[in-house]
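Visitor: Before we start, here is the structure in question, set down as structure tokens.
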Amino acid sequence: MLLLERRGTVVSREQILRQVWNDDQATSSNVIEVYVRYLRQKLEQGGERRLIHTIRGQGYCLSERMPPLESR
Numbered sequence: 053m054l055l056l057e058r059r060g061t062v063v064s065r066e067q068i069l070r071q072v073w074n075d076d077q078a079t080s081s082n083v084i085e086v087y088v089r090y091l092r093q094k095l096e097q098g099g100e101r102r103l104i105h106t107i108r109g110q111g112y113c114l115s116e117r118m119p120p121l122e123s124r
């Protein structure tokens, strides 16, 4: 829901941990990566284009296209 609410903007890993899992500590756990992979598999199972983009070093973005550099 967080990515949908912030559609088109980059959401950091820390924001996701804080708002989805109520976790203030940036853990080394890969829980976010695992759930993003699950979401991608469901969204792309019929050959649909990618909607959840990884913005290296910043977080994730829900968008039909990769966000422009200015908004990253």
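When we follow our numbering, the leftmost residue of the sequence shown carries the number 53, and every step to the right adds one.
Heads up, the beta-carbon is just placed ideally off N, CA and C, and yes, glycines get one too.
Cβ atoms of Leu56 and Ile68: under 8 Å apart, would you say?
Guide: Contact flag unset, no.
Visitor: How long is the line joining the alpha carbons of Leu95 and Arg89, rounded to whole angstroms?
Guide: Answer to the nearest angstrom: the Cα atoms are 10 Å apart.
Visitor: Which one or two residues does DSSP pair with Val63 in a beta bridge?
Guide: Partner(s): Tyr112.
Visitor: For the alpha helix (DSSP H) holding Arg89, just list the boundary residues, first then last.
Guide: Where Arg89 is concerned, the enclosing alpha helix (DSSP H) stretches over Val83 to Glu96.
Visitor: Starting from Glu100 and walking both ways along the alpha helix (DSSP H), at which residues does that stretch end?
Guide: Neither: Glu100 is in no alpha helix (DSSP H) and is coded neither H nor E.
Visitor: Can you tell which of Gln93, Leu114 and Gln97 has its C-alpha closest to the C-alpha of Gly103?
Guide: Position check: residue 103 holds Leu in this sequence, whereas Gly was assumed. Among Gln93, Leu114 and Gln97, the Cα nearest to that of Leu103 is on Leu114.
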